[in-house]
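Enquirer:
Dropping the structure here:
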């Protein structure tokens, strides 16, 4: 089973972008395919409550696409920004689309979030993805604890936040996902026995990158 490190995945994305598949298109495909997988596993989605947790990078951008797709499918979607508004241009674009769609977007506030988490049917983790290393900061740690303590089904985009893609080292408060939706190819942590209980069921989706760019 082929795996790629986070650095190798960045290089694959760079090749794809250089050959006509833009980063924005890859982000859209990732979010759309993730949302499609989530919707396949939700019975009667209309009216279900989905919380999408977004970071400031491209994983957050994937999350904004997921939020828009779940909203279009009739779920009641709420976006909670873990660390503020997005910093990358592509993520900003899909953040804007969510705002234009009328999806409620909130900055993280512990007291409010705790109540919201308790009522959620699903939680989508789009905070860090493969971009995590080291330790979670206090704010994100508070969020991941609430998510893990909720009764919602948790879907992680690419990787649970708090899990290192290459080494499978995990922060104590790493997201404990029911399902992890990997993008394009698996990363080492997806198949590491020590991370199995954190990733849950791992499902890899196509984000439009031709496999000729894997080499």
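In this note's numbering, the protein residues as written are 41 to 255.
Glycine included, each C-beta is placed from N, C-alpha and C at the ideal position.
Since residue 200 and residue 165 are thought to touch, with beta carbons under 8 Å apart, how far apart are those beta carbons, to the nearest angstrom?
Expert: Sure, about 6 Å apart at Cβ, within 8 Å.
Enquirer: Reducing DSSP to helix, strand and coil, say where residue 140 ends up.
Expert: Looking at residue 140 - three-state DSSP - the assignment turns out to be helix.
Enquirer: Tell me the start and end of each unbroken beta strand (DSSP E) in the region 57-139 that is at least 3 residues and wholly inside, in chain order.
Expert: Segments of the beta strand (DSSP E) lying fully in the region 57-139: 89-94, 116-121.
Enquirer: Can you tell me whether DSSP reads residue 246 as helix, strand or coil?
Expert: If DSSP states are grouped into helix, strand and coil, residue 246 belongs with coil.
Enquirer: Could you give the first and the last residue of the continuous alpha helix (DSSP H) run that contains residue 220?
Expert: Element bounds for residue 220: not the alpha helix (DSSP H) but the beta strand (DSSP E), 219-223.
Enquirer: May I ask which residues mark the beginning and end of the alpha helix (DSSP H) holding residue 178?
Expert: It spans 178-189 - the alpha helix (DSSP H) in which residue 178 sits, taken as one unbroken run.
Enquirer: Span of the alpha helix (DSSP H) holding residue 229?
Expert: Note, residue 229: alpha helix (DSSP H), 228-231.
Enquirer: Please determine, among 214, 90, 155, 181, the residue with the shortest C-alpha to C-alpha distance to residue 143.
Expert: Closest option to residue 143, Cα to Cα, is 90.
Enquirer: When you compare each of 61, 92, 203 to residue 157 by their alpha carbons, which one comes out closest?
Expert: When only C-alpha atoms are compared, the closest one is 92.
Enquirer: In terms of alpha-carbon separation, which member of 135, 235, 60, 79 lies closest to residue 98?
Expert: Comparing Cα positions, the closest option is 135.
Enquirer: What does DSSP give as the partner residue(s) for residue 165 in the beta ladder?
Expert: 93, 196.
Enquirer: Less than 8 Å between the beta carbons of residue 102 and residue 70, yes or no?
Expert: Contact flag set, yes.
Enquirer: Judging by CA-CA distance, which residue of 105, 106, 115 is the nearest neighbour of residue 84?
Expert: The candidate whose alpha carbon is nearest that of residue 84 is 115.
Enquirer: Assuming the contact rule is C-beta atoms closer than 8 Å, residue 117 and residue 111 should be a hit. Round their C-beta distance to whole Å, please.
Expert: Yes, they are in contact, since the Cβ atoms of residue 117 and residue 111 sit about 4 Å apart, within 8 Å.
Enquirer: From residue 235 to residue 229, what distance separates their C-alpha atoms?
Expert: Cα-Cα distance, rounded: 6 Å.
Enquirer: Roughly how many angstroms separate the alpha carbons of residue 94 and residue 119, rounded to a whole number?
Expert: Going from the Cα of residue 94 to the Cα of residue 119 covers about 7 Å.
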